[in-house]
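Novice:
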Amino acid sequence: MATISEVNVGSAVSWSINKDPDPPSTIHGIVTSINSEEEILTVKVWAILEDGSHEETDRSVEVEVGKVRIIKDFRSEEKQLSARVTQTLKDKVEEHNGKDPRYRATLRMLSAVFRRGVGAYRTNPASVRGNVRSADQWAFARVNAFLTALRTGKFPRSAFDTDLLPSNHPLSSKGQKGLYDDLDFTIPKGVKERAQYGLDLRKKFGRGGTSVGLGTARYLVNMTKASPEKVRQIARYFPRHAVDLETEDSRDFLAGRSQRATNGVIAWELWGGNNGRRWANKLVNAMNKRDEKARSAVELVRRRNKLKEVEREELASRFESEETKDILYKQFNDLLKNWDYALAVEYYRLLDRQRKDILNYIKDNTVRQAGLIGVVDFLIDENVKNWKSDFYDLYLSMMTDYYFYQFVTLLPENVKTQFTEEQQQAIVRQRRRKPTREVVTEGFYPLRSARGVQIPIENLTRNSDAINFVNDRLNNLFPEMSKTRKQIVNRSLRKSLDAGRALGLRGTDLDDYVANELSQSLTKRMLGDANRIARTEGLALSQWGQEQGAKKTGLALEKSWLTRRDGKVRDAHRIVDNQRVPMSKQFNVLGYKMDYPADSKFGAPIELIVNCRCTTIYHNKRITRKA
18 MATISEVNVG SAVSWSINKD PDPPSTIHGI VTSINSEEEI LTVKVWAILE DGSHEETDRS
78 VEVEVGKVRI IKDFRSEEKQ LSARVTQTLK DKVEEHNGKD PRYRATLRML SAVFRRGVGA
138 YRTNPASVRG NVRSADQWAF ARVNAFLTAL RTGKFPRSAF DTDLLPSNHP LSSKGQKGLY
198 DDLDFTIPKG VKERAQYGLD LRKKFGRGGT SVGLGTARYL VNMTKASPEK VRQIARYFPR
258 HAVDLETEDS RDFLAGRSQR ATNGVIAWEL WGGNNGRRWA NKLVNAMNKR DEKARSAVEL
318 VRRRNKLKEV EREELASRFE SEETKDILYK QFNDLLKNWD YALAVEYYRL LDRQRKDILN
378 YIKDNTVRQA GLIGVVDFLI DENVKNWKSD FYDLYLSMMT DYYFYQFVTL LPENVKTQFT
438 EEQQQAIVRQ RRRKPTREVV TEGFYPLRSA RGVQIPIENL TRNSDAINFV NDRLNNLFPE
498 MSKTRKQIVN RSLRKSLDAG RALGLRGTDL DDYVANELSQ SLTKRMLGDA NRIARTEGLA
558 LSQWGQEQGA KKTGLALEKS WLTRRDGKVR DAHRIVDNQR VPMSKQFNVL GYKMDYPADS
618 KFGAPIELIV NCRCTTIYHN KRITRKA
């Protein structure tokens, strides 16, 4: 042990704390002041991390000089690896780099991974699988997983040591914002208090918790911030042990009916209690979202690399043949038929509800009242205001379908087989079979929710551009629908009133006659109106989704206009069939600019939009060679 003459301010020291019935716990710290008369040291505590390094805490304690040992200054120490380990790591570097991988390894890189693996084995034994018998074995497994990430671009399981990856690796946090840099891993005061409460209970009763739980409690109390790995470990604990709080004795203690804490309660508090569970779960959910984003980035790179297997000219012309265009149109149109039906059913339902609301009002009042048309107009306006919520989610789901469809078309899993016949038939089979709630969550495109298929894009439910597009469509559509419906109803009311009076009808007979005529008039139009609106809106949504899917690939693209190529194609669209323009440019349709079929934002008239059945094909940009 040290003497007062041996200790200086700035000395690194070590001492033990007895935690009966557990083995003593070793503490490291740096001396910040010395009381020579009483031989008392004030020591700033440094926590021992999972990788064997140290981190300064916000905790200072007073320790008797005679209880500390002077140790090497850990603030700058670097552990030396054995000659055997070093040689093994050198061999792994040579073997890996000898295969000309995309991301090369260095001895320094693997040495750091190895040291962290040893530290994790010693400080976090709960994470170690049962068949692992030594720290070196665990550390080499960590090195091998790291080499897999260098070779393939992704980790076999959760990402780790991302700060050691080359800067051009998609998961690297070196020289750029790390995956979790925007997350706060500071251990909350409430979590520290619950962990300390667990330690107090354990000391009081002399039982409860495992060595891992005890270590976690000390970690939570002494550390300022937690590592991502530790947070995940804490989050995993609670679901497995929630049952420990369901015993009668545990419930009695928690309710204050008993003064004797159960082992389950003590263990629960050592891991941070309910505060720790909420904190860890919130952070894990946030980390998982970022992990998924990183995996998507890797998958995007992988799919783009597959295209490098195809010659440039072949790639630029892969959608040029008439046979391929027919296939692409069928794929597009089969999916559209599902959505046409789903939207038409919903529009028909709302139009029918509107019809019934108008008729119910007439039934409860009379067609002879002054200002009837004004009241009905107001009723239609109020009715339509509520429609937005019925279509908002449907619109986003449809755009998501085509978003996925276009992305997969341009970056398929298999470059040679873009869309199998089996998948095509799956689209057709889904038609008219899904309830609205499933259409909203799953859509109709099979690969969107297919198990085991990794597509590096997400649904558009939180995409601000998609949300704005949907809001704009609905905000423009419904006032026009309301205006049209009022014209139809007003015209029908006047016509049926005149006809009824001409027939000599009076009183309730006139009311019944007008109501019946109005109902028939509206019913005759509803199906056609619903189908027309669904077709026009559906095409605009599909084209916008396709455009976003094309942009998401990050490829240099061009686009061409594709018609259905039958006798029903309008002349204006037949003229632009096969017109090919840069991605950033617009098609010229009778002098009107259009980004895609059914695009009205540049002023294209309704005659060029309503009931259109065209679509867009996106191509890899041609390489122009200078003479």
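Counting in the numbering used here, the sequence shown runs from 18 upward without gaps.
Don't be surprised by glycine CBs; every beta carbon is placed ideally from N, CA and C.
Computed from a predicted structure; not experimentally measured.
1) Taking the Cβ atom as the reference point for each residue, do Ser649 and Arg597 lie within a distance shorter than 7 Å?
2) Alpha carbon to alpha carbon, what distance is there between Phe222 and Val11?
3) DSSP on Glu265, reduced to helix/strand/coil?
4) Quick check on DSSP: helix, strand or coil for His636?
5) Lys242 by DSSP, collapsed to three states: which one?
6) Select from Lys602, Arg150, His590, Arg552 the residue whose C-alpha is nearest the C-alpha of Val627.
7) Roughly how many angstroms separate the alpha carbons of Asn488 and Ala162, rounded to a whole number?
8) Determine the extent of the beta strand (DSSP E) in which Phe2 is found, giving its start and end residues.
9) Measure the beta-carbon distance from Val384 to Leu514 and round it to whole angstroms, keeping in mind my assumption that it falls under 8 Å.
10) Give the DSSP-derived three-state secondary structure of Ala573 in the structure shown.
11) Have a look at Leu527 and Ser536 and give me their C-alpha separation to the nearest angstrom.
12) Let me make sure I understand the geometry here. Which of Phe461, Arg321, Asn322 has the alpha-carbon closest to that of Asp351?
13) Where does Thr48 sit, in a helix, a strand or coil, going by DSSP?
14) Run through the region 499-562 for me and flag every whole beta strand (DSSP E) of 3 or more residues, listed as ranges in chain order.
15) Does DSSP put Ile474 in a helix, in a strand, or in coil?
16) Roughly how many angstroms lie between the CA atoms of Phe177 and Thr165, to the nearest whole one?
17) Can you round the beta-carbon distance between Ser22 and Thr49 to whole angstroms, since I take them to be within the 8 Å contact cut?
18) How is Thr279 classed by DSSP in three states: helix, strand or coil?
19) Could you work out which residue in Tyr530, Val470, Phe349, Arg372 is closest to Gln563 when comparing CA atoms only?
20) Please return the same chain residues whose Cβ sits closer than 6 Å to the Cβ of Ser28, not counting the five positions on each side in sequence.
21) If contact is defined by three or more beta carbon pairs under 8 Å, each pair taking one atom from either stretch, is the region 314-326 in contact with the region 279-288?
22) Between Leu522 and the rest of its own chain, which residues show a CB-CB distance below 7 Å, the 5 nearest in sequence each way excluded?
23) Hey, would you say Tyr197 sits closer than 7 Å to Pro118, going by beta carbons?
24) Would Glu72 be called buried (16 or more neighbouring beta carbons within 10 Å of its own) or exposed?
25) For Leu367, which residues of its own chain have a beta-carbon under 7 Å away from its beta-carbon, when the five flanking residues on both sides are left out?
26) Can you list, in chain order, the residues of its chain with a C-beta nearer than 7 Å to that of Glu94? Leave out the 5 residues immediately preceding and following it.
27) Does the region 123-137 touch the region 150-159, meaning 3 or more C-beta pairs lie closer than 8 Å?
28) Rounded to the nearest angstrom, how far is the Cβ of Gly226 from that of Arg219, given a contact under 8 Å?
29) Using DSSP bridges, identify the partner residues of Asn605.
30) For Ser509, which residues of its own chain have a beta-carbon under 6 Å away from its beta-carbon, when the five flanking residues on both sides are left out?
31) Considering just the uninterrupted stretch of the beta strand (DSSP E) at Leu58, what are its terminal residues?
32) If you drop the 5 nearest sequence neighbours on each side, which residues of the same chain put their C-beta closer than 6 Å to that of Arg619?
33) For Asp201 and Leu360, I'd like the C-alpha separation in whole angstroms.
34) Three or more C-beta pairs under 8 Å: does that hold for the region 558-575 against the region 411-424?
35) Where does Val26 sit, in a helix, a strand or coil, going by DSSP?
36) Once the 5 residues before and after Ser267 are set aside, which same chain residues still bring their CB inside 8 Å of it?
Specialist: So, from the data block:
1) Not covered by the structure: residue 649. The range shown for the chain is 18 to 644.
2) With the chain represented from 18 up to 644, any question about residue 11 goes unanswered, as that position is not in the structure.
3) Mapped onto the sequence shown, residue 265 falls at position 248. In the displayed model, Glu265 falls within a helix according to three-state DSSP.
4) Taking the sequence shown and counting its residues from 1, one reaches residue 636 at position 619. In this structure, DSSP gives His636 an extended state, which the three-state scheme calls strand.
5) Taking the sequence shown and counting its residues from 1, one reaches residue 242 at position 225. When secondary structure is reduced to three states using DSSP, Lys242 falls in the strand class.
6) Here the question's residue 627 lines up with position 610 in the sequence shown. When only C-alpha atoms are compared, the closest one is Arg552.
7) Taking the sequence shown and counting its residues from 1, one reaches residue 488 at position 471. Taking the sequence shown and counting its residues from 1, one reaches residue 162 at position 145. Each residue's CA atom was taken as its position, placing Asn488 and Ala162 some 46 Å apart.
8) Outside the displayed range of the chain (18 to 644) lies residue 2, so it cannot be described from this structure.
9) Numbered from 1 along the sequence shown, position 367 holds the residue referred to as residue 384. Numbered from 1 along the sequence shown, position 497 holds the residue referred to as residue 514. Taking a contact as a CB-CB distance under 8 Å, the pair Val384 and Leu514 counts as one, their CB atoms being some 6 Å apart.
10) Taking the first residue of the sequence shown as position 1, residue 573 is located at position 556. Ala573 falls in the coil class under three-state DSSP.
11) Residue numbering aside, residue 527 sits at position 510 when the sequence shown is read from its first letter. Residue numbering aside, residue 536 sits at position 519 when the sequence shown is read from its first letter. Roughly 14 Å between the two C-alpha positions.
12) Counted from its first residue, the sequence shown places residue 351 at position 334. Considering only alpha carbons, the answer is Phe461.
13) One-based indexing of the sequence shown puts residue 48 at position 31. Correcting the residue identity first, residue 48 is Val in this sequence and not Thr. Strand at Val48.
14) If only uninterrupted beta strand (DSSP E) runs of at least 3 residues are considered, none is enclosed by the region 499-562.
15) Translated into the one-based positions of the sequence shown, residue 474 becomes position 457. If DSSP states are grouped into helix, strand and coil, Ile474 belongs with coil.
16) Taking the first residue of the sequence shown as 1, we reach residue 177 at position 160. Taking the first residue of the sequence shown as 1, we reach residue 165 at position 148. So the alpha carbons of these two residues sit roughly 12 Å apart.
17) What you label residue 22 is simply residue 5 of the sequence shown in a count that begins at 1. What you label residue 49 is simply residue 32 of the sequence shown in a count that begins at 1. Between Thr49 and Ser22 the Cβ distance is about 18 Å, and since that is not below 8 Å, they are no contact.
18) Here residue 279 refers to the residue found at position 262 when the sequence shown is read from its first residue. Three-state result, Thr279: coil.
19) One-based indexing of the sequence shown puts residue 563 at position 546. Checking every option, the nearest Cα to that of Gln563 belongs to Phe349.
20) The residue given as residue 28 occupies position 11 in the sequence shown. Cβ within range, chain order: Val48, Ile87.
21) Not touching, per the Cβ criterion.
22) Sequence index remark: in the sequence shown, residue 522 carries index 505 (1-based). Taken in chain order, the residues that qualify are Tyr530.
23) The residue given as residue 197 occupies position 180 in the sequence shown. The residue given as residue 118 occupies position 101 in the sequence shown. In terms of Cβ geometry, Tyr197 and Pro118 do not form a close pair [threshold 7 Å].
24) The count along the sequence shown starts at 1 and reaches residue 72 at position 55. When all chains shown are included, Glu72 counts as exposed.
25) Reading the sequence shown from its first residue, position 350 is the one you call residue 367. Cβ within range, chain order: Trp404, Asp407.
26) In the sequence shown, the residue the question calls residue 94 occupies position 77. Caution applies to Glu94, whose pLDDT of 49 falls short of 50 and renders its modelled position unreliable; the model cannot decide the point.
27) Contact between the region 150-159 and the region 123-137 is present: three or more C-beta pairs spanning the two stretches fall below 8 Å.
28) Counting from one through the sequence shown, the residue named residue 226 turns up at place 209. Counting from one through the sequence shown, the residue named residue 219 turns up at place 202. A Cβ-Cβ distance of about 6 Å is found for the pair Gly226 and Arg219, placing them in contact under the 8 Å criterion.
29) Taking the sequence shown and counting its residues from 1, the one referred to as residue 605 is at position 588. Paired residues: Lys610.
30) Stepping through the sequence shown from its first residue, residue 509 is reached at position 492. Cβ neighbours of Ser509 beyond the five flanking positions: Leu535, Ser538.
31) Position 41 of the sequence shown, counted from the first residue, corresponds to residue 58. Leu58: member of the beta strand (DSSP E) spanning 57-65, first to last residue.
32) Translated into positions along the sequence shown, residue 619 becomes position 602. It is worth fixing the name first, because residue 619 is Phe in this sequence and not Arg. The answer, listed in chain order, is Lys610.
33) Along the sequence shown, read from residue 1 onward, the residue named residue 201 stands at position 184. Along the sequence shown, read from residue 1 onward, the residue named residue 360 stands at position 343. Rounded to the nearest angstrom, the two C-alpha atoms are 44 Å apart.
34) Counting Cβ pairs under 8 Å, three or more are found: they touch.
35) Position 9 of the sequence shown holds residue 26. DSSP places Val26 in coil when its eight states are reduced to three.
36) The residue you call residue 267 lines up with position 250 of the sequence shown. Only Asp261, Thr279, Gly281, Val282 meet the Cβ criterion.
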